[in-house]
Structures are given as C-alpha cells and as structure tokens.
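See below for the structure under consideration.
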Amino acid sequence: MGQHVHLAQPPLSLIGAEAERNVSFALALGDMLPRMAFTLYRSQHWVKGITHQSGSGNTGYLPTYTSEQGKKRKAIRPVRAEIELPEVASLVNGRRG
C-alpha cells in the first residue's frame, strides 16, 4: 500500500541549521506578501477648510488575492484597511470598524 511517514522533531544538533533555513524562507515570503499603502492620487479643495484626498493600492509583490486558484474558487476575503487620522482630519465617507 502507501508508505508510512513518521514526522518527528529533528535531533537537537540539527535544529539550529533547520531553523535558520526556515526563518530565511519565512522572512522572504513575508517580504512578498501584499502590502496596502495609502498614496495621494488626487487632492481637491471643495470648500474652505475641506480637502478631498483619495488613493490606496498594493505595493507588495503578490496580488491581494495571493493565488489564481483562490481567485477562481472565489475563496478570497475582501481587503480590509485601517486608517488612523490626525486630530485635524475626519473620515467623511466610508465605514468605521
């Protein structure tokens, strides 16, 4: 039949080298993940004291849907962003979570 694979923790003498390889991979993968950034695309002065500014986008290597298979299967969660505003600004349109 099938081959049985026994998974166990590596010997203590090998853990350092194994961890080093895996940490490098995990950090490299983290650098490729989607990154949402708020960039000013458009600025309009509507009335005295009110300015409309908008724009956001993905500056990471991978798209926000991360895989074509996930996109095809519609298994992608919507992108959520958290915006911290300075005291002098307010969110006029959108949703507060």
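Position in the sequence shown (first residue = 1) + 23 = our numbering.
Ideal Cβ placement from N, Cα and C applies to all residues, glycine included.
Quick one: measure Cβ to Cβ for residue i and residue j, integer angstroms, because I've assumed they're closer than 8 Å.
| i | j | result |
| --- | --- | --- |
| T82 | R58 | 5 Å |
| M55 | L85 | 5 Å |
| S79 | A112 | So it is not a contact: roughly 15 Å between Cβ atoms. |
At which residues does the alpha helix (DSSP H) containing residue i begin and terminate?
| i | result |
| --- | --- |
| A42 | L35 to M55 |
| K97 | That residue, K97, is in no alpha helix (DSSP H); it is neither H nor E in DSSP. |
CB-CB under 8 Å to residue i, same chain, minus the five flanking residues each way: which ones, in chain order?
| i | result |
| --- | --- |
| P33 | E41 |
| H27 | none |
Leaving aside the five residues before and after residue i along the sequence, list all residues of the same chain whose C-beta is less than 7 Å from its C-beta, in chain order.
| i | result |
| --- | --- |
| K94 | Y88 |
For residue i, collect the residues of the same chain with a Cβ closer than 6 Å to its Cβ; drop the 5 residues on either side in sequence, then sort them by chain order.
| i | result |
| --- | --- |
| I106 | none |
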